[in-house]
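A short worksheet on the structure shown next.
Residue numbers (our numbering): 849 to 976.
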């Protein structure tokens with residue numbers, strides 16, 4: 849008898865709670881919080897996209913652009929130090945008074961890059 853009364857009271861109040869939840873649009877899991885979670889995910893995505901755009905812009909702005917690679921000027925067109933280049937028969941001599949390496953590259957890789965640009969300049973003048 850005690851169990852029967854307990855079940856009736858539980859069912860009665862459970863029905864009232866279910867009716868109020870239905871009127872208020874409360875579900876388990878809560879659709880209100882599900883909507884908030886959806887907006888949080890969208891906000892996170894937008895924030896991530898903006899941050900990546902900022903990172904991309906920072907990377908682009910950090911790439912040095914103050915080079916003058918005109919073949920007539922040679923390596924002396926680089927700014928930020930004093931350098932001169934004298935070209936001989938099939939080779940060149942590079943005199944560097946001040947060298948600041950702002951890259952992760954070692955001197956050998958930089959020398960290969962200089963040679964690449966020297967060959968491009970020679971080809972532009974017709975001296976492949």
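Glycine included, C-beta positions come from ideal geometry on N, C-alpha and C. Keep in mind that this is a model prediction, so the values were computed, not measured.
Just measuring C-alpha positions, the residue of 962, 951, 954, 895 sitting nearest residue 943 is 962. In the DSSP assignment, residue 952 falls outside any alpha helix (DSSP H), carrying neither H nor E. In the displayed model, residue 849 falls within coil according to three-state DSSP, outside both helix and strand.
Secondary structure at residue 874: coil, using DSSP grouped into helix, strand and coil.
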